[in-house]
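See below for the structure under consideration.
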Amino acid sequence: MSFVIGVDIGGTFTDVSVIDRSTQREVIAKSPTTPYDLMEGLLDGVTRAAQQFGLSLSELLGKAERFSHATTQTTNVMFTWQQGAVVGLLATRGFGDEILIMRARGRVAGLGLAERRHLRATDKPPQIVTRDRIVELAERVDRSGRIIEPLRREEVEAGVRRLLADGVTSFAVTLLWSHQCPSHEQLVREVILDLAPEAHVSLSSEISPVTGEYERTATTVVNAFVAPTLERYLKRLNERLIREGLRVPILIFQAGGGVSDIPSIQPVSTIESGPAGGLVAVQKLASAMKQERVIATDVGGTTFKVGLIVDGRWSMASETIINQYTLLSPMIDVVSIGAGGGSIAWEDDGRLRVGPESAGASPGPACYGWGGTRPTVTDADAMLGYLDPARFLEGRIQLRLDQAEAAVKEYIADPLFGGDVVAAAAGIRQVVDSQMGDLIRKATLERGYDPRKFVLAAYGGAGPVHAASYAKAAGVSRLVVPLSATAFSAYGVVIADTVRTVQRSISREAGRDNEVLAGSYDDVSRQAIAALNAQGIDTDSITVIRWADMRYERQLHDVRVHLYGDRTLNGTLVDDLTHAFTERYEVLFGKTARLKDVVPRILRIGVDAAASSGIAVRQETLPPALPQLAQPAHRRNVYWPETGGWINTAIYAGNEVSIGHDFVGPAIVEQLGTSVAIPPGAAAHVDQWRNLIIALDHAGEPNE
């Protein structure tokens, strides 16, 4: 027996997925996230998974051939501003204040329209680097990479000594045009490590070697801020897992959708990596099911996240805003709002609001009985019968309906619904489901797609409970709920490929020269392949996908296009990219938006080099007999808004349903830590991948 293990630490629960390679059997486990020490929740979850195979923790780890991990350590640092390093910045003279000026967008970057309307109430994020911890160096490299003014070592030494005396432990080095000539930054690192061998050093020429001075600086500074904390955590985790019997290197999941060994990762690339796990899992599953267009929806305890699979592939964000800092780090394009199972419902001047504040893992929803007193979405779900109070999370959490009702009554029912707690709970669900449906429509329509022509995949702890409602709100009629929906992101971490992304900025002249452009692609391809070779991966098993970020002149936003397939880069490379850009631009903005007489500019090129995990999505053979109705385990009253009242509803045990089983709504299928709601008028069946396929009854064009 050999196993592959994936762990995804979320804000409320730590999810674990383990696959037995010999039988392809998957087990999942959930454990409450332990914010005081994330490792404790991780070990508890892996232990629970081991027990399902009849093994101890040490026995499972000893038989593991792969251990992959998506951690929230860096995300927590960025959003709580706690445990980050004391960062010093070394920049080219005259450019030290860029990180403070933030392109004059720092007050509103990443904020929604409603927040931007109240500009006086906005503010810049906390400063990672304060002005007194910025050292400017007299040096200059031009845009072609020629050294105009050499860097003097003694000036660097003086600046580093000053920062060390001020308590700096992590250094960000961002010199002008260093991505064209990194020698000055490399000299700065040499000086820092000579004076402080234990210091962490982040070079912009390695972290984000592209044009965009502020974004490159911000990415490097954020990396310097989170890196020491992540390194300490991974060192402790690695030592503990080795003591427990692990014999393989830990692989770290990154926001770009792949894993890498610890020495190869850039800490900034692990920020918000958890949501990407779900997209990886959805893409693999969609490929097996031959579904070209899928809306991936992940409802956790704190947020609702949406990503798209189009033509069988996810898309990457050309830039990402994390807590108002704009970063250039590979990240799957995922949009989110503060709406999840732990989102708090509140009254706002006579109106019902839900989120973005969350009860989190501690104190959690009122019904958990852990000290929470404010009403959440999970409290409403429990009150309306969607969750089993006695069997939630295998009975490890006994849901307290009395405490849920007390919270809903005090904060929502009494001020807004005349004391009617049922109407208040139904109102909470309606508001949050509408918000989720709006985000789905925004995520699809703004990218040029009709949501009615997609299948919707629902996962996460609260996703299956709400999927039918928010799918209806978005106009989607067909749903896929995976067997391991409640830990689906962890499953994505298990099956993720090993990936290395390398990118490079391209000058205006180089972007018009086929030969120069092809040479640049060859260079970045060699770098990416070499990085995977260093992890013990053979070149023959590596696939390279080329891409480019392009835009029309005088426009502000990039459009990413890809060159798929094992193709030779020939004399039509610029034309091929231009054609791909034009097609993509028309999808996003309409055919009339195309500028016919303007040649788009190539700003950046890059490659994603990937080595397959070799783990296929498990598929079973459909039984030859006709589908049969599943038999319910029991029944209970559930409030269905479709009928405006309570219905004695069939409840099915998820571990007892089999492929080929059919369901007729209203019905509830209970899985570990969640429930799948099949509303009145809907029908469902279990397919050969053990997904629950739900067909809704609302009007809309059929899926294509």
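So the mapping is simple: our numbering equals the position in the sequence shown, first residue as 1, plus 903. Yeah, the Cβ is synthetic: ideal placement off N, Cα and C, and Gly gets one too.
Using the three-state DSSP reduction, which class does PHE1128 fall into: helix, strand or coil?
helix
By the three-class DSSP mapping on this structure, what secondary structure does LYS1499 have?
The three-state reading of DSSP puts LYS1499 in coil, since its state is none of H, G, I, E or B.
Could you tell me which residues DSSP pairs with ILE1211 in its beta bridges?
Per the sequence shown, residue 1211 should be read as Leu rather than Ile. In DSSP, LEU1211 forms a bridge with ILE1198.
Decide yes or no for the touch test of the segment 1329-1345 against the segment 1219-1234: beta carbon pairs closer than 8 Å, at least 3 of them.
no
So, do the segment 1386-1393 and the segment 1401-1410 have three or more beta carbon pairs nearer to each other than 8 Å?
no
Take the Cβ of GLU1418 as the centre, count every other Cβ of all protein chains shown within 10 Å, and call the residue buried at 16 or more, exposed below.
exposed
Pick from GLY1062, VAL1311, THR937, ASP1479: whose alpha carbon is nearest that of THR915?
THR937
Taking DSSP as the reference, what is the three-state secondary structure of SER1047?
In the structure shown, SER1047 sits in coil (DSSP, three-state: anything other than H, G, I, E or B).
Of all the CB atoms in chain B, is at least one closer than 8 Å to the CB of ARG1023?
Structure shown: chain B not included; a single protein chain is present.
In angstroms with no decimal places, state the Cα-to-Cα distance between ARG1350 and ALA1451.
18 Å
So, for ALA1570: in the same chain, excluding its five sequence neighbours on each side, which residues have a beta-carbon less than 6 Å away from its beta-carbon?
ALA1553, ILE1581
Note down the Cα distance separating ALA1265 from PRO935, rounded to an integer number of angstroms.
Note that residue 1265 is Ser in the sequence shown here, rather than Ala. When rounded, the distance between both Cα atoms is 9 Å.
Answer with buried or exposed for ASN1594, where buried requires no fewer than 16 other C-beta atoms within 10 angstroms of its C-beta.
buried
For LEU1382 versus ALA1370, is the C-beta spacing smaller than 8 Å?
yes
Taking Cβ positions, are ALA1310 and ASP1282 nearer each other than 8 Å?
yes
Inter-residue spacing [alpha-carbon to alpha-carbon] between ALA1102 and TYR1467
41 Å
Beta strand (DSSP E) containing ILE1224: first to last residue?
From DSSP, the beta strand (DSSP E) with ILE1224 extends over 1223-1225.
Using 8 Å for Cβ pairs, my map puts GLY1364 next to THR1577. What's the rounded Cβ distance?
Contact flag correct, Cβ pair sits at about 5 Å.
Roughly how far, in whole angstroms, is the beta-carbon of ILE1409 from the beta-carbon of ILE1562, given that I think they are within contact range, below 8 Å?
Actually they are not in contact, since the Cβ atoms of ILE1409 and ILE1562 sit about 50 Å apart, beyond 8 Å.
Please return the same chain residues whose Cβ sits closer than 7 Å to the Cβ of ARG996, not counting the five positions on each side in sequence.
GLU1039, LEU1040, ALA1041
Taking the alpha-carbon of ILE1300 as reference, which of PRO1268, GLY1322, THR1279, GLU1308 has the nearest alpha-carbon?
PRO1268
From SER959, THR1077, MET1234, LEU1532, pick the residue whose C-alpha is nearest to that of ALA1121; which is it?
THR1077
Could you name each continuous beta strand (DSSP E) segment of 3 residues or more that falls completely within the segment 1435-1498, going from the start of the chain to the end?
The segment 1435-1498 contains these whole beta strand (DSSP E) runs: 1445-1454, 1462-1466.
Determine the closest residue to ALA1293 out of TRP1273, ASP1400, VAL1447, LEU1302, with distance taken between C-alpha atoms.
When each option's Cα is compared against that of ALA1293, the closest is LEU1302.
Is VAL1280 near GLN1338, with beta carbons less than 8 Å apart?
no
I'd like to know whether the C-beta atoms of ILE1448 and ASP1511 end up nearer to each other than 8 Å.
yes
With distances taken between CB atoms, is the gap from VAL1044 to GLN1083 smaller than 8 Å?
yes
CB-CB length for ASP1400 against ALA1556, believed under 8 Å
The Cβ separation is near 34 Å, so there is no contact.
Extent of the continuous beta strand (DSSP E) run through ASP918:
916-923
Identify whether GLY1298 lies in helix, strand or coil by the three-state DSSP scheme.
Reduced to three states, the DSSP call for GLY1298 is helix.
For the alpha helix (DSSP H) that contains THR1577, what are its first and last residues?
Taken as a continuous stretch (DSSP letters only), THR1577 belongs to no alpha helix (DSSP H), being part of the beta strand (DSSP E) at 1577-1581.
Assign ASP1284 to buried or exposed, taking buried as 16 or more other Cβ atoms, counted over all protein chains shown, within 10 Å of its Cβ.
Burial call: buried.
Chain-order list of residues whose beta-carbon lies under 6 Å from that of THR1209 (same chain, five-residue window excluded):
What sits at residue 1209 in the sequence shown is Val, not Thr. THR1200, VAL1238, LEU1342, ILE1343, ALA1346.
Cβ distance (whole Å) where TRP1592 is taken to contact GLN1522 below 8 Å:
6 Å
Could you work out which residue in THR1223, ALA994, THR1173, GLY1244 is closest to TYR1289 when comparing CA atoms only?
GLY1244
Please return the same chain residues whose Cβ sits closer than 7 Å to the Cβ of GLY1627, not counting the five positions on each side in sequence.
With the chain running from 904 to 1607 in the structure shown, residue 1627 is simply not present.
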